[in-house]
Each structure stands twice: as C-alpha cells, then as structure tokens.
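**Student:**
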Amino acid sequence: MRGSNSSLSSLSRRQPWKLINIADLPDAVLIEVVCRLSCSKLIFRCKCVCKRWLTLISDPYFVDHYLRHQSDKKRHIIRTLIYAREYVVRLRFHPWTNPTVVATYNDLMLCYGNLNRYCICNPCTMQWVALPRIPTYTVHRHFEVRVGFICDTPCYNYKEDEHEDQKGDVMQHNAAYRCKVVRIRPPEKGYYDFSFEWKVDIFSSETGEWRKAVVSSPRAITLNGLGFPHQGILYWLGREENGCSIIFGLDPFCDKPKCFFIALDEPLNDLRHFGVCGGCIRMCGLDMATRSLIVFYLKTEEDGKLCLSKRMVYSLDQNMYLDNESNVSLRPFDPNNEDVCYIYVYGECVKYKYNFRTRKWSTIVEEIPHQISYSFVHVQPWWPTPVPRLPQHACPAE
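Going by UniProt numbering, the first residue of the sequence shown is number 1, and it counts up by one from there.
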C-alpha cells in the first residue's frame with residue numbers, strides 16, 4: 001500500500017495534461033481532419049477561419065487529397081432539377097437584378113441579364129464572371145435565341161502517380177478548362193419560321209470574345225427548346241416543315257463549327273422531352289390515344305455522330321388522370337434514376353412520379369405554375385467547378 005500511495009503522490013505532482021489546440025496541429029493532420037467533412041460547401045466555409053486554413057484548402061494538394069477521399073468512400077454525386085417560371089432563379093449573391101438561368105453545365109450556370117449580357121456563375125462558391133456584351137448586330141429577346149453552354153473537359157483529371165513510394169492515380173481538379181457559349185439567332189422572319197441557314201454567335205473563354213459563324217441545314221428546319229451538352233456536342237430538338245422531328249448537333253470547339261442532323265419519323269408534338277439521362281441521350285413523349293409513354297434511346301457512334309438505338313413503348317396505368325392531352329406535360333427524367341420520369345397535369349395540379357419499367361407511380365403534391373416549361377439539371381460534384389478564367393480585356397467593368 002505504501003508503494004501505491006507513493007506512486008499516486010508522484011502522479012499528482014506531475015504537470016496536468018496540456019490540451020492541444022487545433023491551431024497546433026501539423027498541416028498533414030489538419031488536412032486529414034478537414035477532408036472528412038461531409039461536403040465541399042462546409043470546407044469552403046472553413047476558408048474563413050484564418051489565413052493558414054485558407055492557404056491549405058486552396059492548395060492543389062488538398063483538393064487532390066479530398067477528391068481521393070471522396071472516391072475511396074464512393075460518395076454519391078448529387079443531381080437536382082431546377083424549375084422556375086421562364087427559368088428565372090434569383091441568385092442573392094449576384095449584383096444583377098433577377099438574372100435568368102438559360103443553361104447549366106454540372107454546377108455552373110449561364111445567366112442572362114439586361115442589356116444583352118451573360119455571365120457564368122457557381123451558386124456553391126458564389127463566384128461569377130460577366131461575359132463581354134453581345135455585339136449590337138445580334139440584338140434579340142433572350143427567349144427567341146437558342147442558347148447552349150458547354151465545357152471541353154471533365155471536372156477531374158486522372159494521371160499515374162510519378163512517385164514510386166505512392167500507388168494509384170493522382171486525381172486533380174481541372175481548373176484550366178475551356179468553355180463555349182453558343183447563341184443560335186432566329187431567322188429574320190421570326191423564331192418560329194423554317195430556315196436552311198442559321199447565324200450563330202460563339203463565345204470562347206480562351207479569347208474572351210464573341211465570333212460569328214453560319215451553319216447550313218440540308219432541309220428547312222426550326223429549332224425548339226433548350227440546348228444541352230453531351231460528350232463535347234451541343235444538341236437541340238427541331239422539326240421539319242412536314243412536322244417530323246430532327247436532332248441538330250453542333251461542335252463549337254472546332255475552328256469552323258461542325259454540325260449534323262438526324263431526321264426522325266416521329267412528329268414533334270409527340271416528343272415532349274429531350275436530354276441526357278443515365279449517361280445517354282433520350283427523348284420521350286406521350287401517346288394519349290394509346291395512353292403510353294414513348295422513349296427513344298440514342299447512342300454515339302465511333303465517329304462521334306449520334307444515331308437512334310431503339311424505340312420503346314411503355315403503357316401507362318389507367319388509374320392515372322390523363323384524360324386531356326392538352327392538360328398533360330412531360331417533365332424530365334429523374335436525374336438520379338433513369339427509369340423514372342415526371343408527368344404534370346395542369347388544372348388538377350397533380351404531378352406523377354412514374355417508373356415506366358415497373359409501372360409503379362405515385363402522386364407528388366407540388367405547387368408548380370403551369371407556365372413553367374423548362375428545367376435544368378444541376379450537378380453538385382465532389383469539388384465545385386471554378387468559374388472560367390477570362391483574359392483581362394474580356395472582363396467588363398460593372
């Protein structure tokens with residue numbers, strides 16, 4: 001007992017344990033701690049803690065380490081649909097009054113402002129960059145112009161690790177990407193008229209300037225709706241004078257923009273949605289006579305051109321309220337489930353979530369004005385995409 005008492009007394013005489021402050025952690029340990037936050041939005045808030053944290057989080061090594069951690073954990077990438085009347089979304093951080101979202105690419109948004117102005121912004125990082133004004137010869141109301149927005153490379157680049165003591169690949173965020181903004185001007189007679197020739201304005205982030213181009217069509221067509229990117233090509237849905245649908249594709253990264261056309265035998269009125277789902281392009285429409293959903297699957301050939309892969313017809317449940325074709329609107333496919341689409345019934349204010357493979361459906365109560373006809377897929381990647389870096393002469397003064 002005497003020996004144990006002496007040991008206790010010796011412990012009591014020792015200095016108390018000193019609590020370690022997080023500021024005393026080495027950089028390597030601090031990086032490990034911050035990388036385990038659940039999302040990049042929280043990490044960006046950590047930049048405001050102090051200059052040291054700002055420097056560490058802004059370093060490419062931290063981004064690479066964070067992306068590796070997300071990849072090892074197999075984190076899901078969040079995709080959501082953005083709805084708004086005439087695709088208007090209020091971005092509180094933006095100095096413009098009620099900018100209009102006209103296109104998206106992953107987590108970047110292309111917005112239209114007054115006086116023929118466009119800007120590219122990222123709502124997550126609250127960064128934005130204004131593009132130069134559109135030349136005066138292209139003055140049109142924004143809803144008359146067919147707009148597309150595309151970047152040339154994915155968010156992340158992979159390469160083999162050059163160090164022998166480390167295994168695996170280095171995952172780097174690609175901050176030096178190129179982007180293009182495409183404006184297809186309406187024909188001189190009107191934006192619903194058919195034309196063999198289309199005048200195009202293309203903005204390049206490399207030059208910071210708009211340039212003019214002209215593309216020709218073998219048939220007189222008119223374009224409808226919004227453009228969307230897929231594997232380096234921008235696509236629009238159009239129709240011919242006989243009412244048949246046509247797919248118009250344009251590659252804006254060539255010195256002379258390449259375009260191609262795919263004619264379909266399906267009337268445009270039966271095709272209500274056209275976009276990317278599950279990594280491939282799909283079109284869908286409703287046939288109210290047979291109460292069925294028509295889905296077109298398209299694939300990219302080796303030469304990069306798009307072709308029709310298959311056409312499927314799925315019967316709708318008879319208990320769904322779809323009596324009047326004019327009161328029914330197809331919404332996009334679910335960005336997180338390629339077998340699910342949305343059907344909206346005007347007047348009844350009913351929105352159906354329909355799985356066309358299992359034929360199971362559910363009613364979603366959602367107050368959406370019937371004027372809303374466009375939607376955008378907003379992707380939240382593991383690490384937010386920075387807004388493009390424009391040449392100094394291309395950054396207009398506000």
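Heads up, the beta-carbon is just placed ideally off N, CA and C, and yes, glycines get one too.
Quick check on the DSSP output: what are the complete alpha helix (DSSP H) runs of length 4 or more inside the segment 31–107, in order along the chain?
**Tutor:** Correct list: 40–46, 51–58, 60–73.
**Student:** CA-CA distance, residue 278 and residue 310?
**Tutor:** Within the sequence shown, residue 278 is the residue found at index 278, counting from 1. Within the sequence shown, residue 310 is the residue found at index 310, counting from 1. For residue 278 and residue 310, the distance between alpha carbons rounds to 15 angstroms.
**Student:** Ordered along the chain, which non-local residues of its own chain (more than five positions away) have a Cβ less than 8 angstroms from that of residue 122?
**Tutor:** By one-based count along the sequence shown, residue 122 stands at place 122. Same-chain partners within the cutoff: 107, 108, 109, 128, 384, 385, 386, 387.
**Student:** For the ligand FAD, I want to know if residue 29 counts as a neighbour, meaning its beta carbon is within less than 7 angstroms of at least one of the ligand's heavy atoms.
**Tutor:** Here there are no bound small molecules, and the ligand FAD is not part of this structure.
**Student:** Count the other C-beta atoms from every protein chain shown that fall within 10 angstroms of the C-beta of residue 180, then say buried if there are 16 or more, exposed otherwise.
**Tutor:** Locating residue 180 in the sequence shown gives position 180, where the first residue counts as 1. Looking at its Cβ environment, which holds 16 or more other Cβ atoms inside 10 Å, residue 180 is buried.
**Student:** Please check the pair residue 317 and residue 232, which I expect to be a contact at CB under 8 angstroms, by giving their CB distance rounded to whole angstroms.
**Tutor:** Taking the first residue of the sequence shown as 1, we reach residue 317 at position 317. Taking the first residue of the sequence shown as 1, we reach residue 232 at position 232. Between residue 232 and residue 317 the Cβ distance is about 39 angstroms, and since that is not below 8 angstroms, they are no contact.
**Student:** Should residue 353 and residue 340 be called a contact, given that it needs their Cβ atoms to be closer than 8 angstroms?
**Tutor:** Start at 1 with the first residue of the sequence shown, and residue 353 comes out as number 353. Start at 1 with the first residue of the sequence shown, and residue 340 comes out as number 340. Result yes, Cβ atoms of residue 353 and residue 340 sit closer than 8 angstroms.
**Student:** Where does residue 436 sit, in a helix, a strand or coil, going by DSSP?
**Tutor:** Because the chain is modelled from 1 through 398, residue 436 falls outside the range shown and cannot be assessed.
**Student:** Straight-line CA distance for residue 332 to residue 239?
**Tutor:** Here residue 332 is taken as the residue at index 332 of the sequence shown, counted from 1. Here residue 239 is taken as the residue at index 239 of the sequence shown, counted from 1. Each residue's alpha carbon lies about 20 angstroms from the other.
**Student:** Note down the Cα distance separating residue 188 from residue 196, rounded to an integer number of angstroms.
**Tutor:** Indexing the sequence shown from 1 puts residue 188 at position 188. Indexing the sequence shown from 1 puts residue 196 at position 196. Roughly 12 angstroms between the two C-alpha positions.
**Student:** Residue 97 to residue 113, Cα distance in whole Å?
**Tutor:** Your numbering for residue 97 matches position 97 in the sequence shown. Your numbering for residue 113 matches position 113 in the sequence shown. Cα to Cα, the separation comes out at about 8 angstroms.
**Student:** Do you know how far the Cα of residue 319 is from the Cα of residue 291?
**Tutor:** On the sequence shown, residue 291 is found 291 positions in, with the first residue counted as 1. On the sequence shown, residue 319 is found 319 positions in, with the first residue counted as 1. Rounded to the nearest angstrom, the two C-alpha atoms are 11 angstroms apart.
**Student:** In its own chain, which residues sit with a C-beta less than 8 angstroms from the C-beta of residue 289, not counting the 5 before and 5 after it?
**Tutor:** If you number the sequence shown from 1, residue 289 lands on position 289. No residues qualify anywhere along the chain.
**Student:** Buried or exposed for residue 221, going by 16 or more other Cβ atoms inside 10 Å?
**Tutor:** Translated into positions along the sequence shown, residue 221 becomes position 221. Residue 221 is buried by the Cβ-count criterion.
**Student:** Threshold first: 3 residues or longer. Then list the beta strand (DSSP E) segments lying entirely within the segment 283–313, N to C.
**Tutor:** Listed in chain order, the complete beta strand (DSSP E) runs (minimum 3 residues) inside the segment 283–313 are 292–300.
**Student:** Can you give me the C-alpha to C-alpha distance between residue 42 and residue 363, rounded to a whole angstrom?
**Tutor:** Your numbering for residue 42 matches position 42 in the sequence shown. Your numbering for residue 363 matches position 363 in the sequence shown. Taking the straight line from one Cα to the other gives about 34 angstroms.
**Student:** Anyone know if the C-beta pair for residue 246 and residue 264 falls short of 8 angstroms?
**Tutor:** As a first step, residue 246 is located in the sequence shown; it is residue number 246 there, counting from the start. As a first step, residue 264 is located in the sequence shown; it is residue number 264 there, counting from the start. Contact flag set, yes.
**Student:** Can you grab the Cα-Cα spacing for the pair residue 237 / residue 32, in whole Å?
**Tutor:** Position 237 of the sequence shown holds residue 237. Position 32 of the sequence shown holds residue 32. Distance between the alpha carbons of residue 237 and residue 32: 47 angstroms.
**Student:** Rounded to the nearest angstrom, what separates residue 202 and residue 225 at their Cα positions?
**Tutor:** In the sequence shown, counting from the first residue as 1, residue 202 sits at position 202. In the sequence shown, counting from the first residue as 1, residue 225 sits at position 225. Roughly 18 angstroms between the two C-alpha positions.
**Student:** Taking the Cβ atom as the reference point for each residue, do residue 186 and residue 215 lie within a distance shorter than 8 angstroms?
**Tutor:** One-based indexing of the sequence shown puts residue 186 at position 186. One-based indexing of the sequence shown puts residue 215 at position 215. Cβ atoms of residue 186 and residue 215: not closer than 8 angstroms.
**Student:** If you draw a straight line from the alpha carbon of residue 57 to that of residue 68, how long is it in whole angstroms?
**Tutor:** Within the sequence shown, the letter at position 57 stands for residue 57. Within the sequence shown, the letter at position 68 stands for residue 68. If you take the alpha carbons of residue 57 and residue 68, they lie about 15 angstroms apart.
**Student:** Residue 128 lies in the beta strand (DSSP E); which residues open and close that run?
**Tutor:** Counted from its first residue, the sequence shown places residue 128 at position 128. Per DSSP, residue 128 belongs to the beta strand (DSSP E) from 127–130.
**Student:** Inspect the beta-carbon positions of residue 101 and residue 227 and report whether they are closer than 8 angstroms.
**Tutor:** On the sequence shown, residue 101 is found 101 positions in, with the first residue counted as 1. On the sequence shown, residue 227 is found 227 positions in, with the first residue counted as 1. Taking 8 angstroms as the Cβ cut-off, residue 101 and residue 227 do not qualify as a contacting pair.
**Student:** Among 300, 315, 124, whose alpha-carbon lies nearest the alpha-carbon of residue 284?
**Tutor:** Here residue 284 corresponds to residue number 284 of the sequence shown, with the count starting at 1. Residue 315 is the option with its Cα nearest to residue 284.
**Student:** Would you call residue 36 buried or exposed, if buried means 16 or more other Cβ atoms sit within 10 Å of its Cβ?
**Tutor:** Residue 36 sits at position 36 when you count from the first residue of the sequence shown. Exposed, because fewer than 16 other Cβ atoms sit within 10 Å of the Cβ of residue 36.
**Student:** Determine the direct distance from the alpha carbon of residue 205 to that of residue 390, and round the result to whole angstroms.
**Tutor:** Taking the sequence shown and counting its residues from 1, one reaches residue 390 at position 390. Taking the sequence shown and counting its residues from 1, one reaches residue 205 at position 205. Cα to Cα, residue 390 sits roughly 6 angstroms from residue 205.
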